[in-house]
Amino acid sequence: MKVFVAGGTGQVGRRAMVGLLAAGHQVSALARTEEKSALLRRTGAVPVLVSLFDPDALDRAVAGQDAVVNLATHIPVGSEAIRARSWREDDRIRTEGSRNLVDAALRHHVQRFVQEAVTFVYPDSGDSWITEQTVPEPNARSQAATMAATAQAARFSTRGGAGVLLRFGQFYGPDPTSRDIRTRARAGKPVVLGRADGWLSPVHPHDAGRAVVAALECPAGIYNVCEPPVRRSEWASAIGAAVGRGPATFYPALIQKLAGPRAEPLRRSLRVDSGAFTAATGWKPAHRSTHGGWAEDAE
1 MKVFVAGGTG QVGRRAMVGL LAAGHQVSAL ARTEEKSALL RRTGAVPVLV SLFDPDALDR
61 AVAGQDAVVN LATHIPVGSE AIRARSWRED DRIRTEGSRN LVDAALRHHV QRFVQEAVTF
121 VYPDSGDSWI TEQTVPEPNA RSQAATMAAT AQAARFSTRG GAGVLLRFGQ FYGPDPTSRD
181 IRTRARAGKP VVLGRADGWL SPVHPHDAGR AVVAALECPA GIYNVCEPPV RRSEWASAIG
241 AAVGRGPATF YPALIQKLAG PRAEPLRRSL RVDSGAFTAA TGWKPAHRST HGGWAEDAE
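Structure representation (structure tokens):
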């Protein structure tokens, strides 16, 4: 297939690009700078200097493609992540950027549109399992843009295409946020949100990248993409082990509450089932956060 990728230089995007090319697809990818173009060329993809916010140029980039994959994000790291202003670019990508991509894909009769999303929109469910049938309860103050991107994938399907939404779990490993967590944990600072007995459903970027490749073949719809869930106490122990310490420390309850609407979804107990995606594609995670996954990319 001819595949156009937005976000091909991100943590998931780079892994997806490798997998797409290895599978024999012809891949072109959005690049905002010459530096990003050079990075894409090294993977074997064809870079296209274009912005998600330039509809005319984006239209030309999407022409002739069989599939469009939107993995574009702009996630702030560390303490910046609790500041609303730090999310403006990411929010714009998920609203205006996703809309522009779907508009272009529809105009050129692209067969398939794959959109990344997150499991954090699901409600705090305690010990109950979460499936794709679980009704999301997004935080109105922080997740409107995430749901806007979800709506764009659905719009693509209602117009006759195959829209696939991949709800990824908590990323960990080689990404900037994880590096920040390891640095803080090594210094004995708190790094874990939520309750110790709550659930968290992780996914490694390598496995997320493989899921993107698999999404080119599955039926349209929404899919959860996570490893088997772990208790947050297990998550804390895995982080601590990766930096040669005891279990990582939880943020105090008051601090968690004061962290605001961006942190609230990350505190939820999310025991997510990814069985539907496995059944549809055969995808299974190769990494486990509690079986050395955190340590694999530790400095």
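Once you know that position 292 of the sequence shown is 292 in UniProt numbering, the rest is easy, because the numbers rise by one and skip nothing. We treat Cβ as the ideally placed atom computed from N, Cα and C, and that holds for glycine.
- request: Answer with buried or exposed for residue 370, where buried requires no fewer than 16 other C-beta atoms within 10 angstroms of its C-beta.
  value: Since the first residue shown for the chain is 1 and the last is 299, residue 370 is missing from the structure and cannot be characterised.
- prompt: Do residue 220 and residue 277 have their CB atoms nearer than 8 Å?
  reply: Translated into the one-based positions of the sequence shown, residue 220 becomes position 220. Translated into the one-based positions of the sequence shown, residue 277 becomes position 277. No.
field: Helix, strand or coil at residue 134 [DSSP, three-state]
entry: Against the sequence shown, residue 134 aligns to sequence position 134. Coil, per DSSP.
- request: Report yes or no: do three or more beta-carbon pairs, one from the region 148 to 165 and one from the region 189 to 203, lie closer than 8 Å?
  value: no
query: Quick one: what does DSSP say residue 249 is sitting in, helix, strand or coil?
result: Counting from one through the sequence shown, the residue named residue 249 turns up at place 249. Strand at residue 249.
- prompt: Does the region 259 to 270 touch the region 134 to 149, meaning 3 or more C-beta pairs lie closer than 8 Å?
  reply: yes
- prompt: At which residue ranges does the region 206 to 282 contain complete alpha helix (DSSP H) runs of 4 or more residues, listed in the order of the chain?
  reply: 232 to 242, 253 to 258 and 275 to 281
field: N-terminal and C-terminal residue of the alpha helix (DSSP H) that residue 4 is part of
entry: Residue 4 sits at position 4 when you count from the first residue of the sequence shown. Premise fails: residue 4 lies in the beta strand (DSSP E), 2 to 6, not in any alpha helix (DSSP H).
- prompt: In terms of alpha-carbon separation, which member of 269, 183 and 28 lies closest to residue 65?
  reply: Within the sequence shown, the letter at position 65 stands for residue 65. The candidate whose alpha carbon is nearest that of residue 65 is 28.
field: C-beta contact flag for residue 72 and residue 108 at 8 Å
entry: Along the sequence shown, read from residue 1 onward, the residue named residue 72 stands at position 72. Along the sequence shown, read from residue 1 onward, the residue named residue 108 stands at position 108. The answer is no: Cβ separation not under 8 Å.
field: Proximity winner among 25, 23 and 6, relative to residue 31 (alpha-carbon distances)
entry: Residue mapping note: residue 31 aligns to position 31 of the sequence shown, counting from 1. Across the set 25, 23 and 6, the C-alpha of 6 shows the shortest separation from the C-alpha of residue 31.
- prompt: Quick one: is residue 53 buried, meaning 16 or more other Cβ sit within 10 Å of its Cβ, or exposed?
  reply: The residue you call residue 53 lines up with position 53 of the sequence shown. Counting other Cβ atoms within 10 Å of its Cβ, residue 53 stays below 16 and is therefore classed as exposed.
- prompt: In its own chain, which residues sit with a C-beta less than 6 Å from the C-beta of residue 185, not counting the 5 before and 5 after it?
  reply: Here residue 185 refers to the residue found at position 185 when the sequence shown is read from its first residue. Hits under 6 Å: 191, 239, 243 and 248.
message: For residue 113 and residue 83, I'd like the C-alpha separation in whole angstroms.
response: For the purposes of this step, residue 113 is taken as the residue at position 113 of the sequence shown. For the purposes of this step, residue 83 is taken as the residue at position 83 of the sequence shown. Near 31 Å, if we compare the C-alpha coordinates of residue 83 and residue 113.
task: Assign residue 80 to one of two classes, buried (16 or more other C-beta atoms within 10 Å of its C-beta) or exposed (fewer than that).
output: For this step, residue 80 is matched to residue 80 along the sequence shown. So residue 80 ends up on the exposed side.
query: When you compare each of 283, 12, 14 and 127 to residue 230 by their alpha carbons, which one comes out closest?
result: For this step, residue 230 is matched to residue 230 along the sequence shown. Looking at the Cα atoms, 127 is the closest of the given residues.
message: Relative to the C-alpha of residue 172, which candidate in 293, 2 and 124 has its C-alpha closest?
response: Within the sequence shown, numbered from 1, the residue matching residue 172 stands at position 172. For residue 172, the nearest C-alpha among the options comes from 293.
message: Rounding to the nearest angstrom, what Cα-Cα distance links residue 178 and residue 170 in this structure?
response: Residue numbering aside, residue 178 sits at position 178 when the sequence shown is read from its first letter. Residue numbering aside, residue 170 sits at position 170 when the sequence shown is read from its first letter. Going by the C-alpha atoms only, they are around 10 Å apart.
message: Taking DSSP's pairing of strands, which residues face residue 168 in a bridge?
response: Residue mapping note: residue 168 aligns to position 168 of the sequence shown, counting from 1. Paired residue(s): 118 and 225.
field: Pair within 8 Å by beta-carbon distance, residue 49 and residue 37
entry: On the sequence shown, position 49 is the one that residue 49 refers to. On the sequence shown, position 37 is the one that residue 37 refers to. In this structure, residue 37 lies closer than 8 Å to residue 49 by Cβ.
query: Taking just the CA atoms, how far does residue 269 sit from residue 77?
result: Counted from its first residue, the sequence shown places residue 77 at position 77. Counted from its first residue, the sequence shown places residue 269 at position 269. In a straight line, the C-alpha of residue 77 is about 22 Å away from that of residue 269.
query: By Cβ distance below 6 Å, which residues in the same chain neighbour residue 157 in space, the five residues on each side in sequence not counted?
result: As a working note, residue 157 is residue 157 in the sequence shown. Excluding residues within five positions, the ones whose Cβ falls inside 6 Å are 163 and 220.
task: With a threshold of 16 other CB atoms inside 10 Å of the CB of residue 13, please say whether the residue is buried or exposed.
output: The residue you call residue 13 lines up with position 13 of the sequence shown. Burial call: buried.
field: C-alpha distance - residue 236 paired with residue 250, whole-angstrom precision
entry: Here residue 236 is taken as the residue at index 236 of the sequence shown, counted from 1. Here residue 250 is taken as the residue at index 250 of the sequence shown, counted from 1. Each residue's Cα considered, the two are about 8 Å apart.
- request: Compare the C-alpha of residue 295 against each of 68, 129, 183 and 165 and name the closest.
  value: For this step, residue 295 is matched to residue 295 along the sequence shown. Minimum Cα distance to residue 295 is reached at 183.
query: In its own chain, which residues sit with a C-beta less than 6 Å from the C-beta of residue 124, not counting the 5 before and 5 after it?
result: As a first step, residue 124 must be located in the sequence shown, where it is residue number 124. Once the five neighbours on either side are set aside, the close Cβ partners of residue 124 are 268 and 269.
- request: Check each candidate in 115, 1 and 289 and name the one with the smallest Cα separation from residue 26.
  value: For this step, residue 26 is matched to residue 26 along the sequence shown. Measuring from the Cα of residue 26, the nearest candidate turns out to be 1.
field: Anticipated Cβ contact below 8 Å, residue 97 with residue 45, distance rounded
entry: In the sequence shown, the residue the question calls residue 97 occupies position 97. In the sequence shown, the residue the question calls residue 45 occupies position 45. With 8 Å as the limit, residue 97 and residue 45 do not qualify as a contact, their Cβ atoms being about 19 Å apart.
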